[in-house]
DNA sequence: CTAGAGCGCTCG
DNA sequence: GTACGAGCGCTCTAGC
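Numbering (the working numbering), first residue to last: 47 to 891.
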């Protein structure tokens with residue numbers, strides 16, 4: 047192959063894919079067989095089998111791995127056998143299969159056990175050497191011949207795997223060229239991996255036709271609605287369950303096949319307030335039912351005598367008792383769309399639900415950045431079907447009714463359709479996860495987080511209403527004073543809360559300079575504009591003060607009171623797992639991830655977040671996690687070393703850039719360096735930095751140029767990330783989470799946005815993955831301690847802890863957080879977690 | 001009367 | 001025309 051065709055692009059950071067690559071390089075040899083054979087023979091020869099995986103649960107299987115391989119080779123696995131032999135339930139086995147990549151064949155009753163599980167088992171090299179040396183001694187003729195015949199290829203495979211093993215999977219195409227590749231095979235491989243540009247260049251150089259690689263969108267369409275055998279979605283055909291015998295029939299079917307799609311209908315979107323109204327089940331596409339439990343007779347506005355149950359329903363407790371063994375049976379997979387909601391509803395009735403799959407999260411793992419993950423979107427996109435709009439049942443606005451007032455026949459169609467759609471989506475997404483190599487992400491970063499978040503949300507955080515009420519009153523007073531002051535300065539009365547009116551006052555009536563109209567023709571009156579104006583006039587300064595108070599009062603001290611649950615006296619936020627494309631969570635109803643902290647006055651709102659008597663709040667937060675990740679992924683030695691040495695990273699950056707010795711550092715220089723460091727994470731631009739630092743653009747550009755000069759790896763990282771995005775249509779985190787970048791090759795200003803987002807996503811996303819891993823491991827780690835994990839704020843976890851256990855909690859939780867990247871990713875920088883504690887959140891921070 | 005866009009502000 | 005990622009309250013307008 048010509049020299050210039052060996053670009054130094056990182057091939058992959060995905061364990062499964064990397065391993066497949068290694069195996070596929072060995073012509074005509076199945077990955078399964080290589081690994082299964084080697085694993086078994088290594089054991090025969092007294093070698094050890096090790097595993098490379100990011101999944102802790104899977105690690106537990108390692109000890110039994112070899113034995114499991116034997117069983118699988120002989121196709122002797124059944125559900126009971128698996129459970130008995132390995133203490134693993136089929137739900138777990140689904141994990142294992144999924145992690146391993148393609149399944150070879152499914153064994154009835156234990157969906158997804160495939161021999162490729164073996165693909166995760168890799169021999170330790172010492173024993174492999176010995177194995178190869180002594181291949182002739184192996185007794186089974188077939189294995190002996192195989193090993194001898196393929197020894198050369200195995201050597202190569204080993205070398206590739208070895209590269210794979212050092213630090214996770216960081217080898218280049220050069221590393222793959224350990225022999226003359228068969229051009230067709232190489233092109234086929236590149237096509238399969240969807241290396242568009244590269245495969246075309248290589249094909250050109252070799253005088254061959256470039257392989258046809260479907261565009262991602264076309265691929266998605268091809269993957270999508272291929273279900274000729276499925277009946278259409280016909281809401282009329284669904285069953286209403288109104289006697290226990292019928293319910294028993296459904297349960298029997300579910301038990302026999304080991305999975306069911308499930309959906310709950312309630313009276314509220316707020317799970318803490320919601321009453322269960324009915325449950326729908328789907329066992330096959332087109333086969334779904336609805337079990338009404340809490341539908342009411344009478345009009346919703348009839349205050350008296352309207353709360354009688356409608357006839358034709360089953361007693362709720364009877365149904366829950368019957369479903370309990372199904373919901374809690376770890377051999378039955380429960381499939382839902384946004385299962386956290388249903389899990390919380392069931393938890394309200396004392397029921398656990400596990401194991402689960404969640405189509406919303408599957409879509410997120412597959413398509414983050416491409417489209418939304420709500421059921422309506424997914425149904426339309428993958429099933430070409432518009433579901434019955436909930437509004438058609440409930441109405442909207444003031445006249446909206448709750449689901450318990452929906453007539454049974456209408457409810458059956460709507461509710462059962464949801465379960466049917468969910469099941470169909472599951473059938474579609476499941477194989478897609480493998481093909482896109484994001485099963486590990488789904489299995490280890492998405493699905494296990496559901497019960498963790500559900501628990502945190504149900505715990506809630508105690509908020510002191512009196513504190514908030516007092517603050518609201520104080521703010522109202524101050525605002526009233528400011529308002530009359532502002533009106534006086536303006537010469538007339540107007541709505542201070544209206545940017546439009548304010549702009550007219552400032553720029554038209556008072557004639558101040560600097561009025562710039564935005565897209566809609568209104569003057570911009572943002573804080574930065576008002577701050578500039580404040581030097582010439584008093585009014586804008588007063589407006590800024592008013593706005594701060596207005597924000598604090600309306601968004602925080604007022605609104606937060608409305609979110610205190612009357613039953614628990616606590617505030618129960620809801621985390622949206624698919625909220626941010628990067629893998630971050632979003633917090634809603636209320637958002638507890640943007641409680642003020644930067645201003646002194648705002649920070650006092652945190653005093654209202656308190657611990658129960660005898661407890662304190664403890665906050666643990668990652669220090670500079672995104673910069674640490676940047677240092678790692680961009681391989682900046684000086685930054686990595688600075689973090690290892692525990693240096694002040696912004697000061698160090700400043701010192702490096704401006705040639706200021708560390709002991710002569712000034713706050714101003716450090717501040718600028720800090721802004722640059724953040725800018726780098728955000729996909730720096732001269733314009734953005736200039737605006738942030740309020741310096742001329744040329745000066746900002748000078749800073750950036752000097753930064754890139756001193757840290758050349760950063761520029762390389764940025765360029766590589768962007769070209770990776772252009773090549774693949776996505777970027778990925780250290781843990782293999784993919785964030786799609788559909789507009790990376792767009793023209794015009796959108797290209798800039800897409801470029802910066804692509805640069806930022808692996809950094810922000812890797813940090814998000816790390817804290818997710820910590821959260822998932824946390825319940826087991828703190829078990830037995832009198833504490834609860836309450837909140838997550840991107841790089842921070844907040845606990846409520848009994849006073850006498852605080853030391854222990856900090857120790858344990860810090861360990862989990864600092865080790866959260868291990869063992870999947872070996873970070874070359876330490877993760878540092880700071881801790882604080884106090885009677886309220888202000889003190890804990 | 002309701003829904004949605006736009007603005008502005010809060011956080012990491 | 002631009003720093004990355006979010007959610008929410010208010011105002012204003014379009015449309016039922």
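Note that CB positions come from ideal geometry on N, CA and C, so glycine has one too.
Restricting to Cα atoms, I'd like to know which of the options is closest to residue i.
{"i": "residue 509", "options": "768, 846 and 544", "result": "846"}
{"i": "residue 341", "options": "597, 566, 461 and 277", "result": "461"}
{"i": "residue 393", "options": "428, 503 and 413", "result": "503"}
{"i": "residue 323", "options": "330, 336 and 331", "result": "336"}
{"i": "residue 848", "options": "856, 330 and 864", "result": "856"}
{"i": "residue 435", "options": "628, 418 and 459", "result": "459"}
{"i": "residue 619", "options": "814, 606 and 628", "result": "606"}
{"i": "residue 304", "options": "381, 768, 804 and 361", "result": "381"}
{"i": "residue 432", "options": "423, 788 and 760", "result": "423"}
{"i": "residue 726", "options": "760, 756, 738 and 292", "result": "760"}
{"i": "residue 871", "options": "818, 841 and 781", "result": "781"}
{"i": "residue 524", "options": "489, 815, 473 and 595", "result": "595"}
{"i": "residue 558", "options": "742, 747, 536 and 501", "result": "536"}
{"i": "residue 319", "options": "387, 332, 253 and 292", "result": "387"}
Per DSSP, which residues does residue i bridge with? Please list them.
{"i": "residue 839", "result": "None, per the DSSP bridge assignment."}
{"i": "residue 661", "result": "848"}
{"i": "residue 634", "result": "620"}
{"i": "residue 286", "result": "336"}
{"i": "residue 681", "result": "DSSP output for residue 681 lists no bridge partner at all."}
{"i": "residue 646", "result": "Its beta-bridge partners do not exist; DSSP assigns none."}
{"i": "residue 881", "result": "666"}
{"i": "residue 325", "result": "310 and 337"}
{"i": "residue 655", "result": "509"}
{"i": "residue 305", "result": "379"}
{"i": "residue 563", "result": "569"}
Starting from residue i, trace the beta strand (DSSP E) in both directions and tell me its first and last residue.
{"i": "residue 781", "result": "Per DSSP, residue 781 belongs to no beta strand (DSSP E) and is neither H nor E."}
{"i": "residue 380", "result": "379-382"}
{"i": "residue 536", "result": "No beta strand (DSSP E) holds residue 536; the alpha helix (DSSP H) holding it covers 511-536."}
{"i": "residue 355", "result": "Run containing residue 355: none; DSSP gives neither H nor E here."}
For residue i, collect the residues of the same chain with a Cβ closer than 8 angstroms to its Cβ; drop the 5 residues on either side in sequence, then sort them by chain order.
{"i": "residue 643", "result": "649, 652 and 891"}
{"i": "residue 723", "result": "673, 695, 696 and 699"}
{"i": "residue 758", "result": "none"}
{"i": "residue 843", "result": "665, 666, 667, 817, 820, 821, 824, 835, 837, 859 and 863"}
Which residues in the same chain as residue i place their Cβ atom closer than 6 angstroms to its Cβ, once the five residues preceding and following it in sequence are excluded?
{"i": "residue 602", "result": "651"}
{"i": "residue 548", "result": "571"}
{"i": "residue 227", "result": "With a pLDDT of 39 at residue 227, under the threshold of 50, the predicted position of this residue should be treated as unreliable, and no value is reported."}
{"i": "residue 395", "result": "366"}
{"i": "residue 805", "result": "729, 764 and 767"}
{"i": "residue 421", "result": "383"}
{"i": "residue 794", "result": "none"}
{"i": "residue 880", "result": "667 and 669"}
{"i": "residue 834", "result": "505 and 846"}
{"i": "residue 621", "result": "499, 631 and 633"}
{"i": "residue 267", "result": "For residue 267, the predicted model reports a pLDDT of 44, less than 50, meaning its position is unreliable and no value from the coordinates is stated."}
By the DSSP assignment, the alpha helix (DSSP H) with residue i in it spans what residues?
{"i": "residue 693", "result": "Taken as a continuous stretch (DSSP letters only), residue 693 belongs to no alpha helix (DSSP H), as it is neither H nor E."}
{"i": "residue 17", "result": "Here the chain covers residues 47 to 891 and nothing more, so residue 17 does not appear."}
{"i": "residue 770", "result": "758-774"}
{"i": "residue 554", "result": "Segment: none, residue 554 is in no alpha helix (DSSP H) and carries neither H nor E."}
{"i": "residue 709", "result": "Counting along the chain, residue 709 falls outside any alpha helix (DSSP H), and DSSP gives it neither H nor E."}
{"i": "residue 404", "result": "Element bounds for residue 404: not the alpha helix (DSSP H) but the beta strand (DSSP E), 402-404."}
{"i": "residue 437", "result": "437-440"}
{"i": "residue 428", "result": "421-429"}
{"i": "residue 716", "result": "713-727"}
Using a Cβ-Cβ cutoff of less than 7 angstroms, which residues in the same chain neighbour residue i once the five nearest sequence positions on both sides are dropped?
{"i": "residue 751", "result": "none"}
{"i": "residue 591", "result": "528"}
- Task: Examine the Cβ distances between the region 872-888 and the region 664-679 and report whether three or more of them are shorter than 8 angstroms.
- Result: Result yes; three or more Cβ-Cβ pairs closer than 8 angstroms.
- Message: So, does the region 293-302 touch the region 326-335, judging by three or more C-beta pairs under 8 angstroms?
- Response: With a cut-off of 8 angstroms, the region 326-335 and the region 293-302 count as touching, because enough Cβ pairs lie within range.
- Item | Cβ contact check for the region 479-495 and the region 410-430: 3 or more pairs under 8 angstroms | The region 479-495, when compared against the region 410-430, does touch it at the 8 angstroms Cβ threshold.
- Item | Touch test, the region 799-816 against the region 462-481, Cβ-Cβ under 8 angstroms, three pairs minimum | Segments in contact, no.
- Query: Is the region 530-542 close to the region 614-629, with three or more CB pairs under 8 angstroms?
  - Reply: Not touching, per the Cβ criterion.
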